[in-house]
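Just below is one structure, and these are the notes that go with it.
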Amino acid sequence: MNANPKFTNRLIEETSPYLLQHAHNPVDWVAWSSTLFAEAQKNNKPILLSIGYSACHWCHVMERESFEDESVAAYMNANFINVKVDREERPDVDHIYMDALQAMTGSGGWPLNIFLLPNGKPFFGGTYFPPRTIPQRASWLDVLKGVNEAYTNNYEKINDQAEQLTQHLLNKNIIHQPASLASASVSENEENSLPTKEEVEIIGNRILQNADTMWGGFGSAPKFPQTFCLQMLFRNFKMNGNESCMVHAIRSIDKMIQGGLYDHLGGGFARYSTDAQWQAPHFEKMLYDNALLIGVMAEAYQITQKETYVYIIKQTVSFLKRELSNQQGAYYAALDADSEGVEGKFYTWSYDEIEQLLDPSLFTEFCNYYQVTQNGNWEHTNILWTTEALEKSVSPEFVNAKNILFNHRSKRIRPALDYKIILSWNCLLITALCKAYAAIGDEEYKQAAIDAIVWVENNFSDKDQEHLFHANTNGVKKSFAFLDDYGALIQSYIHLQEITGDTNYLHKAEKWM
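The opening position of the sequence shown corresponds to residue 50 in the numbering used here, with each subsequent residue numbered one higher.
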């Protein structure tokens, strides 16, 4: 970073790595705060709310193209209150306005750029906007000018639209029980009952309706791991003996492990795949994805006893300890998708690079297995992925070859680290480590879970031990904890009690319920 930046805005006072990335933009960004709406009303300006996260590729692209452009920034500063939010630090804000965007456009994503009235009600938005107009997408500056013109000359119309949208969102978020579940039999003590076998069967079959029976997972591109769906399929198999659910869950896990979603050299999984075959990921690696995938792989191992899952779990835990650990028990949030300004540069390979590193006797076989070609299998470079049996990837010859490539890759410029420590994500990992220990019996996993809960207990509560915080960045606690933080912590205590027999964990769980 430039030691003497030309611009510095109020984000310089924040701790979020994502917000600090924007602290030297010419845009006069401010963070989300309780005084935001009063400032907007005082200045009679609409609010531009821009939400992203530090590992987001398209967030970086839009920053380079538009938010670092001084002429664009000047227009933004003159006509808008410009607000930056780290979605991982304020998931509540992100959830509200992502719902609004999806209601307006039918889709969503990040960066989330949404325009609000001074009272906070949304009236227009989108995701990534290019610096120049392209087919079916206006340029960012044209969007800004259009919104400003509408706000200035058609305020009553956009105010009515914002009111209607707000009412729609309020109605949408009223929870109604699906008719198929409402008609299913439930226990007499409905409030305290777990899902019945009949309900689990209904949910499992509903999930299978969207299954990709060739490539695993659900739906088409882009594809996310959807680990909660996989967990429900396993639950239906265990409770009702539904083989179709088990088969699809295993198929999905295997296809993800074969694909480029999984880092075949360093372990760990990327956030999602841009294609249906799991070949080309968006390369950011998130703590919560890896935690949840460790958990479902532990379940897969318990069902199948396939040693491949033991290997993948070990590699993924090793990745987390090597790349995301704070070395005191806790784990950071994420690794960026980009390095040197290029998406996936750290993880991809040229044909010639691999040829220079591997023994000729193994080179051709390795390239055939991992789909490596001279022209590249993705954007003129190669992502390691395979459609062949997983057992070959854990053979001694292939493990040695991968170690050679891994050691060479380690010399490259690394993706940036988001060093926030998030309560719920760490607790998801604690639960996953407990599941891995229960399935495999490796003491390393139990100890890692215990070390993590000790750090959590010492660093996420207030001095009176009465409230929890959502995030801790360099010792600064931000935002009171959300429901998922409490839920994940309680769940982790229950799993710790199960693997240790220590009933103190149950008492701690009860405290936060």
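Virtual Cβ for every residue (Gly too), placed ideally from N, Cα, C.
Residue i versus residue j: straight-line alpha-carbon distance, rounded
{"i": "S25", "j": "T182", "result": "Lying outside 50 to 562, the shown extent of the chain, residue 25 is not represented and no answer is given."}
{"i": "L433", "j": "V121", "result": "40 Å"}
{"i": "F116", "j": "S367", "result": "37 Å"}
{"i": "N58", "j": "L97", "result": "16 Å"}
{"i": "F178", "j": "V192", "result": "8 Å"}
{"i": "W94", "j": "P167", "result": "One point to set straight first is that residue 94 is Lys, not Trp, in the sequence displayed. The alpha-carbon atoms of K94 and P167 are separated by roughly 6 Å."}
{"i": "G550", "j": "H544", "result": "10 Å"}
{"i": "L478", "j": "H556", "result": "21 Å"}
{"i": "N238", "j": "E559", "result": "Reliability fails at N238, whose pLDDT of 48 lies under 50, so the model's placement of it is uncertain and the value that follows must be treated cautiously. Their backbone Cα atoms lie some 20 Å apart in a straight line."}
{"i": "R320", "j": "N202", "result": "42 Å"}
{"i": "L384", "j": "G315", "result": "13 Å"}
{"i": "C105", "j": "G524", "result": "24 Å"}
{"i": "L190", "j": "P180", "result": "7 Å"}
{"i": "K355", "j": "M281", "result": "20 Å"}
{"i": "E446", "j": "Q351", "result": "27 Å"}
{"i": "Y580", "j": "S103", "result": "Nothing in the structure corresponds to residue 580, since the chain is present only between 50 and 562."}
{"i": "S234", "j": "V345", "result": "With a pLDDT of 49 at S234, under the threshold of 50, the modelled position of that residue is not reliable, and no figure is offered here."}
{"i": "K469", "j": "N521", "result": "6 Å"}
{"i": "L257", "j": "G266", "result": "10 Å"}
{"i": "K441", "j": "N431", "result": "20 Å"}
{"i": "R461", "j": "E404", "result": "18 Å"}
{"i": "M153", "j": "L60", "result": "29 Å"}
Option nearest residue i by Cα separation, candidates the options
{"i": "P297", "options": "L310, G309, H313 and T276", "result": "The question names Pro, but residue 297 is His in the sequence shown. Nearest of L310, G309, H313 and T276 to H297, Cα basis: T276."}
{"i": "Q377", "options": "Q496, V110, D513 and L150", "result": "Q496"}
{"i": "A325", "options": "T357, W398, K526 and P271", "result": "P271"}
{"i": "C108", "options": "N254, K221, D135 and V79", "result": "D135"}
{"i": "T353", "options": "G309, D303, Q540 and Y146", "result": "D303"}
{"i": "G174", "options": "E137, L214 and A87", "result": "L214"}
{"i": "V532", "options": "K526, E547 and H516", "result": "Here residue 532 is Leu; the residue named in the question, Val, does not match the sequence. If we check each option's Cα against that of L532, H516 comes out closest."}
{"i": "F56", "options": "E119, N131, N285 and V110", "result": "E119"}
{"i": "G536", "options": "Q307, H519 and E547", "result": "H519"}
{"i": "T84", "options": "P75, N508, M111 and V132", "result": "V132"}
{"i": "N289", "options": "D500, E250 and G268", "result": "E250"}
{"i": "I299", "options": "T480, L439 and I403", "result": "L439"}
Buried versus exposed call for residue i [16 or more other C-beta atoms within 10 Å across all chains shown]
{"i": "G155", "result": "exposed"}
{"i": "N53", "result": "exposed"}
{"i": "D467", "result": "buried"}
{"i": "I100", "result": "buried"}
{"i": "P184", "result": "exposed"}
{"i": "K206", "result": "exposed"}
{"i": "S236", "result": "Residue placement at S236 is poorly supported in this model, since its pLDDT is 48, which falls under 50; the coordinates are not used for a value here."}
{"i": "G390", "result": "exposed"}
{"i": "D312", "result": "buried"}
{"i": "D401", "result": "exposed"}
{"i": "G268", "result": "exposed"}
{"i": "N162", "result": "buried"}
{"i": "M335", "result": "buried"}
{"i": "Q364", "result": "buried"}
Beta-ladder partner(s) of residue i, from DSSP
{"i": "K526", "result": "N521"}
{"i": "D261", "result": "In the DSSP output, where bridge partners are listed per residue, D261 has none listed."}
{"i": "G101", "result": "D135"}
{"i": "E564", "result": "An answer regarding residue 564 cannot be provided, because it is not within the stretch 50 to 562 covered by the chain."}
{"i": "L161", "result": "I100"}
{"i": "S374", "result": "Y380"}
{"i": "N431", "result": "W398"}
{"i": "A80", "result": "K133"}
{"i": "S120", "result": "Its beta-bridge partners do not exist; DSSP assigns none."}
{"i": "S510", "result": "L517"}
Residue i beta carbon near the ligand SAH (any heavy atom closer than 7 Å)
{"i": "W561", "result": "As for the ligand SAH, it is missing from this structure, which has no ligand bound."}
Along the chain, which unbroken stretches of the beta strand (DSSP E) at least 3 residues long are found entirely within the segment 299 to 349? none
Could you tell me which whole alpha helix (DSSP H) segments of length 4 or greater appear in the segment 164 to 236? 189 to 202, 204 to 221 and 228 to 231
Please give me, in chain order, every unbroken run of the alpha helix (DSSP H) with length at least 4 that falls completely inside the segment 240 to 297. 246 to 257 and 276 to 289
Any alpha helix (DSSP H) of 4 or more consecutive residues that is wholly inside the segment 460 to 506: 472 to 489
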